[in-house]
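Structure first, then comments.
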Amino acid sequence: MKVYVEPSYEAMSRVAAQLVGAQVRLYPNSVLGLATGGTPVGMYKELVRMYKEEGLDFSQIITFNLDEYYPLSRESDQSYYYYMTENLFGHVNICKDHIHIPNGEAEDVDLECRNYEKQIQEAGGIDLQVLGIGNNGHIGFNEPDDAFAKTTHRVDLVEETIQANSRFFDSIDQVPKQALSMGIGSIIQAKKIVLLANGAHKAKIIAETIYGDVRPQVPSTILQFHPDVTFILDQEAAAELKKYEK
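Quick note on numbering: the working numbering labels position 235 of the sequence shown as 386, and the sequence is numbered without any gaps.
This is the structure we're talking about:
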């Protein structure tokens, strides 16, 4: 486990983009697992700059997003398909056929989840998975539970997550109550994992994720078992780690 603490959000975003960019350059046909939300926006902005100014080539890259709201049309400006187009895909030379995001309008949810998992396996698995983290320790939309979810599945969003995500909607009533998400088992199989977190409100969960007991009630604690996970934090998100330093 590696922990990088950077002086600002902009600095941590650059470090994250450098790690992803290095993966793309070294292994041009990599399979990337991608996250959404507020935290990765700076990283995506820097990756777009690297494409435009440094020739970072996405033409062979394959991507799988962690999750999508359900039910929600991909045409909605709150969909993660829209988010990814606005923040990354619409600005780099990625092949549209290489982009995978769960279908938030799937009629047969179980089939959609099985097919998504099959596509990940057929691509050879995730080489580098980018994660954010919720205040309750959710990664993807894997909420606190009595057991770790293994594969892509439909999940009921808890009130804390709905409240946190309501800032992206006109009202909390518009936030979908469910989502399709890669499972903890899917995520933990990635060869490398990079988790991003910023802000004082993430300090407690970051400390618990790294030092707490591994349990499904705090899904992010499973990352302690991964052989190659990197945390990229700003100083505020890392504030409680010093309690554990010897």
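Positions of the beta carbon are idealized from the N, C-alpha and C atoms, including for glycine.
Would you identify the three-state DSSP class for residue i, choosing helix, strand or coil?
i	result
T360	helix
Q368	coil
D208	coil
I277	coil
I339	helix
To the nearest angstrom, how far is the alpha carbon of residue i from that of residue j?
i	j	result
T445	P327	The structure shown does not extend to residue 445, since the chain spans only 152 to 397, so no value can be given for it.
G334	G206	34 Å
G189	E273	30 Å
A315	E391	21 Å
S159	S227	32 Å
K397	A167	Below a pLDDT of 50, predicted positions are generally treated as unreliable, and K397, at 44, falls in that range; no measurement from the model is reported.
K196	L239	7 Å
K301	N293	10 Å
M163	E157	5 Å
Y178	E359	33 Å
V365	G184	23 Å
Return the bridge partner residues of residue i from the DSSP annotation.
i	result
K355	In DSSP, K355 forms no bridge with anything.
K153	T381
E219	L331
G184	F215 and Q280
N293	I290
D307	Q329
H249	According to DSSP, H249 bridges with nothing at all.
Short check: CB of residue i to CB of residue j, under 8 Å?
i	j	result
G283	V369	no
L384	Y155	yes
P367	F299	yes
I250	T303	no
L331	Y221	yes
S181	L279	yes
F351	E387	It is worth fixing the name first, because residue 351 is Ala in this sequence and not Phe. In contact: A351 and E387 (Cβ atoms closer than 8 Å).
S230	E219	yes
V199	V243	yes
I338	I290	yes
I356	V380	no
R305	Q325	no
Considering just the uninterrupted stretch of the alpha helix (DSSP H) at residue i, what are its terminal residues?
i	result
L177	Y160 to L177
Q314	E310 to N316
Grab the span of the beta strand (DSSP E) containing residue i for me, first residue to last.
i	result
I344	K343 to A348
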